[in-house]
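Participant:
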Amino acid sequence: MFSFEGAVDLPLVWYALIGTAIFLYILLDGFDLGVGILFPFAPTDQCRDRMMNSVAPFWDGNETWLVLGGGGLFAAFPLAYAILMPAFYIPIILMLLGLIFRGVAFEFRFKAEKSRRLWDYSFHYGSLVATFMQGMVLGTFVQGVAVNGRSFAGGVLDWLSPFSIMTGVALVTGYALLGATWTMMKTEDETLAWARKCATYLMFLVALFMGLVSLSMPLMNSDIKALWFSLPNFYFLQPMPILSIVFFIMLWRDLRGGSREIRPFLLTLGIFLMNYIGIGVSTWPWLVPFKVSLWDAAAAPESQSLLLLGTIILLPCVLAYTGYCFWVFRGKASHEHDAAY
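Residue 15 is where the sequence shown starts when you use my numbering, and the numbers rise one by one after that.
In structure tokens:
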């Protein structure tokens, strides 16, 4: 059987691929979940129409990256999947239910008249629940789960903790900021002005939660504390917090200036990237922090090689149609119901 073994470090390659897929999901599905979180607070129905039309061409394609991340974990790191899934069954099921409600709301709201308000709230609460559950999964992952040998050894509600609740709320504010800056980029007039105001408030909440999470992680885990505050690591890792501060300052100036519409979204993506890299550094090289490394959890080299061959063929296709979709639907969104189609 064909194998890449010996030519490349297959577990490391798959770790990078899955990490990239999850990050792309956070960014791409994050802004449309953020639009859903903000949806019922928009000033008028026409504003809501513009917001929904701005994400309608993208939302289902964005979830491709969630499938790639979860499927890749199952296929390339079966041990990590077998340990983590029982720990996250409940929040993942609730997340999927939220995504289902959001997807149904997309389809029905465009045609509904009398029941439009029902689908507005389905879109909102589906997005809110999905985001909050993702944040709780992230918090539980960072905290670590109980492991006995090769199995999850914790309880049904181990995912429910003060830290995971905080990370859930933090991700809600982060996605809402992504949604607000996306709305600024894709809409005009009243909707744009409202989104700019929302982004200004949300920016401070995101900065607050970033600080709380960043302080909590080294306090919870001595290994993370040693990693970030020992020398010379402290100097090598400084670009991440420094760049985060720079991005926040630039975002604040753009939101106050009132003329830039695209850069605030790009700066918000940069803030997410710095946080994502920070979490990756803090949990390296663990797939089940801090029990199972990526090499311990890896599938057989032959399996990873076969999967990698298929990924090399299909991943450029996914990137190409995603880029093409964003290119075709560039520009401002209309309030007309059929504008997204």
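Note that beta-carbon positions come from the ideal geometry of N, C-alpha and C, so glycine has one too. Computed from a predicted model, the values in this text were never measured in an experiment.
Please determine if the segment 63-79 and the segment 287-298 are in contact, where contact requires at least 3 C-beta pairs separated by less than 8 Å.
Facilitator: In short, these stretches do not touch, since the Cβ pair count stays below three.
Participant: Figure out for me which residue from Val159, Phe45 and Pro232 has the closest Cα to the Cα of asparagine 76.
Facilitator: Measuring from the Cα of asparagine 76, the nearest candidate turns out to be Phe45.
Participant: Using the C-alpha atoms, what's the distance from methionine 234 back to alanine 353?
Facilitator: Any reading at alanine 353 must be qualified, since the residue scores a pLDDT of 43, below 50, and its modelled position is unreliable; no value is offered.
Participant: Output the distance between the C-alpha atoms of alanine 144 and methionine 254, rounded to the nearest integer angstrom.
Facilitator: Each residue's alpha carbon lies about 28 Å from the other.
Participant: Would leucine 24 and alanine 312 qualify as a contact pair, given that the criterion is a beta-carbon distance under 8 Å?
Facilitator: Yes, they are a contact pair.
Participant: Using CA coordinates, which residue listed in Pro330, Ile114 and Leu269 is at the minimum distance from methionine 199?
Facilitator: Out of Pro330, Ile114 and Leu269, Leu269 has the C-alpha closest to the C-alpha of methionine 199.
Participant: Taking only runs of the alpha helix (DSSP H) that begin and end inside the segment 111-153, which ones reach a length of at least 4 residues, in chain order?
Facilitator: Correct list: empty.
Participant: Okay, do the segment 131-145 and the segment 332-347 touch, 3+ Cβ pairs below 8 Å being the bar?
Facilitator: No: the two stretches stay apart, fewer than three of their Cβ pairs being nearer than 8 Å.
Participant: Can you give me the C-alpha to C-alpha distance between methionine 15 and leucine 321, rounded to a whole angstrom?
Facilitator: A caution first: methionine 15 carries a pLDDT of 48, below 50, which makes its placement in the model too unreliable to give a value.
Participant: Just the C-alpha distance for valine 186 and leucine 26, rounded to the nearest angstrom, thanks.
Facilitator: Roughly 31 Å separates the two Cα atoms.
Participant: Among Pro303, Met150 and Asp74, whose alpha-carbon lies nearest the alpha-carbon of phenylalanine 115?
Facilitator: Considering only alpha carbons, the answer is Asp74.
Participant: How do the segment 103-113 and the segment 144-161 stand: do at least 3 beta-carbon pairs fall below 8 Å, yes or no?
Facilitator: Verdict: yes, contact present.
Participant: Buried or exposed for glutamate 127, please, with buried defined as at least 16 other CB atoms from any protein chain shown within 10 angstroms of its CB.
Facilitator: It counts as exposed.
Participant: Along the chain, where does the alpha helix (DSSP H) containing tryptophan 300 start, and where does it finish?
Facilitator: Per DSSP, tryptophan 300 belongs to no alpha helix (DSSP H); it is in the beta strand (DSSP E), 300-302.
Participant: Pairs of beta-carbons, one from the segment 46-62 and one from the segment 271-279, closer than 8 Å: are there three or more?
Facilitator: Short answer: they don't touch.
Participant: I need the straight-line Cα distance from isoleucine 327 to valine 151, nearest angstrom please.
Facilitator: Whole-angstrom Cα-Cα distance: 31 Å.
Participant: Compute the Euclidean distance between the alpha carbons of leucine 229 and phenylalanine 223, then round it to the nearest angstrom.
Facilitator: Looking at the two C-alpha atoms, the distance is approximately 10 Å.
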